[in-house]
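Per the working numbering, the very first residue in the sequence shown carries number -15; after that it's consecutive. For every residue, glycine included, the Cβ atom is placed at its ideal position computed from N, Cα and C. Fair warning: this is a prediction, and the values are worked out from it, not measured in the lab. Structure first, then comments.
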Amino acid sequence: MDRNHFRRELAQQLRVDSIRSSDAGGSGHPTSSMSAADLMAVLLDGHLRYDFDDPQNPASDHLVFSKGHASPLMYACFKAAGAIDDDEMLSFRKLGSRLEGHPTPVIPWVDVATGSLGQGLPVAAGLALAAKRLDQSPSRVWCLCGDSEMAEGSIWEAFDHASFWELDNLLAIVDVNRLGQTGETMHGWNLDVYADRARAFGWEAIEVDGHDVEAIEDAYAQAEAVTGRPAVVLARTRKGAGVKAVEDQPGKHGKPIEDARAAIEELGGERELTVEVSKPPAFDRSVARDSDAAGGEWPRYELGDEVATRKAYGEALKALGDMRGDVVALDGEVSNSTYSEIFREAHPDRYVELYIAEQQMVATAVALQRRGWRPFASTFAAFLTRAYDFVRMAAVSRANLCLCGSHAGVSIGEDGPSQMGLEDLAALRAVHSSTVLYPSDANQAAALVGLMADLDGIAYLRTHRGALPVIYGPDERFEVGGSHVLREGDDITLVGAGVTLHEALKAADDLAQDGVQARVIDLYSVKPVDTQTLARAAAETGAIVTAEDHWPEGGIGEAVMSALAEAGEPCRVRKLGVKIMPGSGTPEELLRETGIDAGAIATAARELVGARATA
């Protein structure tokens, strides 16, 4: 058969297999898959360059399904390419199958989990940036988007950055099938609206009939020929194309086709076509990632000096970059506050400025780690909440990356509550695979940066704006899941981290004047937490006061209480946190007003000691 006929038949097979897998799984999105079948058939047959036997080949193209609910189409493509067999395809959505309802990197040919709409294109932009700027690889990045997700702001962050980065190796395909989950999309089949917006962002926009394989071929060839900017193919399609009962019909989203057998017959029956996907071009894999990593000296701070932990983060990150050529830093246009600017000045080729686009920042970090880099992304802790869904999905993607949230808590002072990260500990503790670290001085912060670089999962470091006294020597050892007992005592335990650790030390001095001996624990590892040390303190002192520059929900206090419950150690616990909406003021005023300063800690301790004595 001639090529165009083969592609039309291949598209029908992709539709049939999307129906079959959804029918076998009892759920899925076959109609969303059917609309893009012609687009994928042409891509597989002649444009995608991929070695399914070597998914880590740095020259291979990337195929990202930003419309992750069209996973039946993705899996049908894998079957057509010979990567999976029919039996595995029909295991779709069944317990134990790697073919989940939305694609994840459990499958070796999937770069990123894309079930949350609006995430695929930002990651695709990051993959294209890594290939072009860092790896200098010939690989292209193809990203299939749905028209519904074009309403997501993160999509337009990606459009903006991809154009600014001149990513002519990024080719987006928008499946404009008009129908969303509940009805017509915002712009229906008005391709001109999408094209005008794409062009306004500096993209090449190509409009095409998404069911005409010859026109699609011409559109892809045109997109591949674009230089200096990314290209988007805007394809007008029909949801459920090829089956009259569902084609362009509302109310058919997200469910198997009622009469799958009749639909398959209408499409011409099952087929067993295979497509030989083009192999990637030859590429020298030995591109050095340590060319400017000639070693370096770890920062050291003297006892008694006052240094902000955010500055120690920047200096340690620069030193890490000196030692490791795979470390990349990203920032959201606050690098002079997070101090990632120190890394930027030393290693400009491995620094990525994301401006005020935190979603794109985390997406780019996910992409970079997929390409084998070790990303550290930093911004104010408060602003990471804007990218929380990307952090959550990074965990689903099994990503290994490092985040730093600076300017945490009321101790930032006069800027006020809009800038105070007060929920970050709770948010990051709740992320699967996360590690949450909270240094209390500069030497500790630097040491924890070094530990983060080799952790699996999402590693988060919380840093402060203000300078804190250095209380650990530069050779002090720390470990993930550890804590440090800084004062011994048997009457009460005080637990803090960051600025509240220093307040707890002051409170211990105050209590000692009354003859109350307080044990002080630096809980610098909030997740995982040092259950053994906490349980021993509970058993030996009988009461604990926790203090944190954070809302009471989900932070240090609840980490301590959870650890004690797990250990089965009964203990009276007083949990101090920020319980009022703070305003502007000096750090000292705000710590006092919110009840987390040394005076408040000492008062709570006296009440617990007195209550125990009375009992």
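Contact annotation: V504 and A519 have beta-carbon atoms that are not nearer than 7 Å.
Here T484 has A531, E532, D533 and I580 as same chain residues with Cβ atoms under 7 Å from its own Cβ, once five neighbours each way along the sequence are excluded.
Here L287 is exposed: its Cβ has fewer than 16 other Cβ atoms, across all protein chains shown, within 10 Å. The bridge partners DSSP lists for L478 are V504 and V529. Distances from the CA of R162 to each of G224, P359, V197 and A437 were compared; the closest alpha carbon is that of G224. Around the beta-carbon of D69, fewer than 16 other beta-carbon atoms lie within 10 Å, marking it exposed.
In this structure, T221 places its C-beta atom within 7 Å of the C-beta atom of S19. Counting C-beta atoms within 10 angstroms of its own C-beta, N427 has 16 or more neighbours from the protein chains shown and is therefore classed as buried. A distance below 6 Å between beta-carbons, with the five flanking residues on each side excluded, links S6 to the following residues of its chain, in chain order: G12, P14, P56 and P240. The stretch 87 to 156 is shown to contain whole beta strand (DSSP E) runs of 3 or more residues at 125 to 130, in chain order. By the Cβ neighbour-count rule, H46 is buried, with 16 or more other Cβ atoms within 10 Å of its own. By the Cβ rule, the stretch 97 to 107 counts as touching the stretch 133 to 143, because three or more pairs are nearer than 8 Å. Exclusion of the five residues before and after E133 leaves S50, K51, L101, G102 and I139 as the residues of its chain whose Cβ lies within less than 7 Å of its Cβ. Going by DSSP, A215 is part of the beta strand (DSSP E) stretching over A215 to R220. One Cα belongs to E201, the other to V26, and the distance between them is close to 6 Å.
According to the DSSP secondary-structure assignment, C386 is paired through a beta bridge with F360 and A443. CA-to-CA, the gap between V394 and A414 works out to about 22 Å. Approximately 4 Å separates the beta-carbon atoms of V216 and A156; this is inside 8 Å, confirming the contact. Leaving aside the five residues that flank A547 on each side, the residues in its chain whose CB is nearer than 6 Å to its CB run, in chain order, V513, T515 and L518. In the DSSP secondary-structure assignment, T419 is bridged to A443.
Setting aside the 5 residues that flank it on each side, Q(-4) is surrounded in the same chain by L251 and G252, each with a C-beta closer than 6 Å to its C-beta; the list follows chain order. G305 is positioned such that its CB atom lies no closer than 7 Å to that of I326. At the C-beta level, D152 and G212 come within 7 Å of one another.
With 16 or more neighbouring CB atoms inside 10 Å of its own CB, P214 falls in the buried class. Residue pairing from DSSP places K559 in a beta bridge opposite T530. Ranking D131, V197 and R354 by CA distance to the CA of H31 puts V197 first. DSSP places P14 in the uninterrupted alpha helix (DSSP H) bounded by P14 to S19. Scanning its chain for C-beta atoms nearer than 6 Å, with the 5 sequence neighbours on each side dropped, one finds around Y204 the residues H31, in chain order.
Under DSSP, V312 shares a beta bridge with P359. With respect to L218, V177 sits apart: the two C-beta atoms are not nearer than 7 Å. Residue pairing of L47 in beta bridges, as defined by DSSP: W126.
Contact between G482 and S424 holds: CB atoms are separated by about 6 Å, below the 8 Å threshold.
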